[in-house]
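Q: Numbering-wise (numbering that gives the first Met the number 0), the sequence shown opens with residue 0 and increments by one.
Even for Gly, the Cβ is constructed at its ideal location relative to N, Cα and C.
First, the structure itself, so that you have it in front of you.
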Amino acid sequence: MIDVRRLEALVAVHRTGSVSAAAEQLHYGQPTLSHHLRRLEAETGAVLLQRVGRGVRLTAEGLRLAQRGEEILGLLARAETELAATTSLQAGRVRLAAFPSGAATVVPAAIALLAERHPGIELDLLEAEPPEAHELLRAGSADLALTFSYPDQPEPEHITTVPVLDDRLHLVTPASAEAPNAHHDPVELAAWRDAAWVTGCERCRSELLALCEAAGFTPRIAFASDDYVAVQALVAAGTGVTVLPGLALRAHTHPGVVRRPLAALRRVQLASYGSPPRPPAVDAVAGVLAAAAAGLRD
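Given below as structure tokens:
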């Protein structure tokens, strides 16, 4: 492996045309620079310099290495600049995975805050439900994830989570159907034991089954869709009732449905792989996401 300091010495000789001028440019003593050049020749096994009178000139091999050396030193300088900019939050790119209703509510507010507080940081958004988001974190395809979990769900292995929002669940019914307990808060799900149900993603379905089981019945599921817009349209059409989180209803509420709050909550959280510390740019994005989530609390 070529020592970068010795390569830098050869490039300086190429640029300045002499050992003494190169030593002055690099703030070396001339003996030190000459030592670096001799060690570089020993490492490469090539004659890189020829003495001509009182000066030196590069051989064909020396010229070739010096030209490549300029490219290498340029790339190193660029890497240092980019790293310094990222560390100082002047620049950086963060890949964020977010579940759909979070991407439609928390993320836009966070992007606005990010542009205000850290305009040099760029955000790449990937839409993914929690299981897929966790896999993106493990694979290194995402730096941060906005996820959710329901009570009693185990924490995924090697994933660190920080809660940012309690998202209340709501019973969603057709606007034309007057709930038997419309004036009760919270809603008694048992009053809807005979209704058909529309359900969503796998985690949401599991929570719905758990809520109905706690209310003493098993729901009769008529339709299923991962699209909360489609779920509401199905409910508005009178095909059944459903349970949706507040963020999904904040992102979109069909005019043909009504919602009634339940006592149940889901936890919205920021997830990352491994333990802190995280890169400063990732922490900056986490900060604006937490602030945006706080602004959406009911």
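Excluding five sequence neighbours on each side, which residues of the same chain lie with their C-beta closer than 6 Å to the C-beta of S148?
A: On the sequence shown, position 149 is the one that residue 148 refers to. Result list for S148: R266, in chain order.
Q: Once the 5 residues before and after A223 are set aside, which same chain residues still bring their CB inside 8 Å of it?
A: Numbered from 1 along the sequence shown, position 224 holds the residue referred to as residue 223. The answer, listed in chain order, is V197, T198, G199 and R204.
Q: Can you find the residues in the same chain that come closer than 7 Å, C-beta to C-beta, to L210, ignoring five residues on each side of it along the sequence?
A: Position 211 of the sequence shown, counting from 1, holds the residue named residue 210. Cβ within range, chain order: L188, V242 and A263.
Q: Assuming the contact rule is C-beta atoms closer than 8 Å, L9 and L36 should be a hit. Round their C-beta distance to whole Å, please.
A: Taking the first residue of the sequence shown as position 1, residue 9 is located at position 10. Taking the first residue of the sequence shown as position 1, residue 36 is located at position 37. Yes, L9 and L36 are in contact; Cβ-Cβ is about 6 Å, under 8 Å.
Q: Does the beta carbon of T31 come closer than 8 Å to any beta carbon on chain C?
A: Among the chains in the structure shown there is no chain C, since it carries only a single protein chain.
Q: Within this structure, are the beta carbons of L95 and V287 separated by less than 8 Å?
A: The count along the sequence shown starts at 1 and reaches residue 95 at position 96. The count along the sequence shown starts at 1 and reaches residue 287 at position 288. Contact flag unset, no.
Q: Suppose the cutoff is 7 Å on Cβ atoms and the five residues either side in sequence are ignored; what does the same chain contact list for A65 look like?
A: To locate residue 65, count along the sequence shown from 1; it is residue 66. L9, V10, H13 and L57, listed in sequence order.
Q: Please classify Q49: is it buried, with 16 or more other beta-carbons within 10 angstroms of its beta-carbon, or exposed?
A: One-based indexing of the sequence shown puts residue 49 at position 50. By the 10 Å Cβ count, Q49 comes out exposed.
Q: What distance in whole Å lies between the Cβ atoms of S17 and G68, which are believed to be in contact at a cut-off of 8 Å?
A: Locating residue 68 in the sequence shown gives position 69, where the first residue counts as 1. Locating residue 17 in the sequence shown gives position 18, where the first residue counts as 1. Incorrect: roughly 17 Å between the Cβ atoms, too far for contact.
Q: Among the residues of its own chain, which have a CB less than 6 Å from the CB of P179, if the five just before and after it don't count?
A: For this step, residue 179 is matched to residue 180 along the sequence shown. Here the model assigns P179 a pLDDT of 49, short of 50, so the residue's position is not dependable, and the following value carries that caveat. The residues are A190.
Q: Identify every run of the beta strand (DSSP E) within the stretch 25-101, keeping only runs that are complete inside it and at least 3 residues long; order them along the chain.
A: Fully enclosed beta strand (DSSP E) runs of 3 or longer: 48-51, 54-57 and 91-97.
Q: Nearest to V171 by alpha carbon, out of A235, R38, A144 and A141?
A: Your numbering for residue 171 matches position 172 in the sequence shown. Checked all of A235, R38, A144 and A141; the closest Cα to V171 is A235.
Q: My understanding is that A250 touches T104, with C-beta atoms under 8 Å, so please give their C-beta distance in whole angstroms.
A: For the purposes of this step, residue 250 is identified with residue 251 of the sequence shown, where counting begins at 1. For the purposes of this step, residue 104 is identified with residue 105 of the sequence shown, where counting begins at 1. 5 Å between Cβ atoms; contact.
Q: What residue does the beta strand (DSSP E) around Q268 start on, and which one ends it?
A: Indexing the sequence shown from 1 puts residue 268 at position 269. Taken as a continuous stretch (DSSP letters only), the beta strand (DSSP E) holding Q268 covers V256 to Y272.
Q: For R167, does the three-state DSSP call read helix, strand or coil?
A: For the purposes of this step, residue 167 is identified with residue 168 of the sequence shown, where counting begins at 1. Strand, per DSSP.
Q: What are the boundary residues of the beta strand (DSSP E) that T299 is part of?
A: The structure shown does not extend to residue 299, since the chain is modelled only from 0 to 297, so the question has no answer here.
Q: Can R167 and P260 be called in contact, C-beta distance under 8 Å?
A: Counted from its first residue, the sequence shown places residue 167 at position 168. Counted from its first residue, the sequence shown places residue 260 at position 261. The answer is yes: Cβ separation under 8 Å.
Q: Spell out the partners DSSP gives L122 in its beta bridges.
A: Residue mapping note: residue 122 aligns to position 123 of the sequence shown, counting from 1. Looking at the DSSP assignment, L122 forms a beta bridge with V93.
Q: Is R92 near the ligand MG, judged by its Cβ being under 7 Å from some heavy atom?
A: No copy of the ligand MG occurs in the structure displayed, which carries no ligand at all.
Q: Spatial neighbours of Q24 within its chain, please: CB distance less than 7 Å, with the 5 preceding and 5 following residues excluded, ordered by chain position.
A: Here residue 24 refers to the residue found at position 25 of the sequence shown. Counting only Cβ-Cβ distances below 7 Å, and skipping sequence neighbours, we find A11 and T15.
Q: Can you find the residues in the same chain that come closer than 8 Å, C-beta to C-beta, to E126, ignoring five residues on each side of it along the sequence?
A: Mapped onto the sequence shown, residue 126 falls at position 127. So the list reads A96, A97, F98, P99 and A102, once near-sequence residues are dropped.
Q: In chain order, what residues of the same chain lie with their CB nearer than 7 Å to the CB of T238, ignoring the 5 residues before and after it?
A: Along the sequence shown, read from residue 1 onward, the residue named residue 238 stands at position 239. Around T238: A195, V197, A221 and F222.
Q: Taking a contact to mean a Cβ-Cβ separation below 8 Å, would you say A258 touches H133 in this structure?
A: By 1-based counting over the sequence shown, the position of residue 258 is 259. By 1-based counting over the sequence shown, the position of residue 133 is 134. What sits at residue 258 in the sequence shown is Arg, not Ala. Their beta carbons are not under 8 Å apart, which means R258 does not touch H133 by this criterion.
Q: Note down, in chain order, each residue of its chain lying with its Cβ closer than 7 Å to the Cβ of A292, except the 5 sequence neighbours on either side.
A: One-based indexing of the sequence shown puts residue 292 at position 293. For A292, where only same-chain residues beyond five positions count, the Cβ hits under 7 Å are V105, V163, L164 and V267.
Q: To which residues of the same chain is E42 closer than 8 Å at the C-beta, ignoring the five residues directly before and after it?
A: Taking the sequence shown and counting its residues from 1, the one referred to as residue 42 is at position 43. Excluding positions up to five away in sequence, the list reads I1, D2 and R5.
Q: Determine the closest residue to I158 out of A108, E131 and G61, with distance taken between C-alpha atoms.
A: Sequence index remark: in the sequence shown, residue 158 carries index 159 (1-based). If we check each option's Cα against that of I158, E131 comes out closest.
Q: Whole angstroms are fine: how far does the CA of P153 sit from the CA of P218?
A: For the purposes of this step, residue 218 is taken as the residue at position 219 of the sequence shown. For the purposes of this step, residue 153 is taken as the residue at position 154 of the sequence shown. So the alpha carbons of these two residues sit roughly 24 Å apart.
Q: Just list the residues that DSSP pairs A223 with in beta bridges.
A: The residue you call residue 223 lines up with position 224 of the sequence shown. Note: A223 sits in a beta bridge opposite T198.
Q: According to DSSP, is I1 part of a helix, a strand, or is it coil?
A: For the purposes of this step, residue 1 is identified with residue 2 of the sequence shown, where counting begins at 1. Coil, per DSSP.
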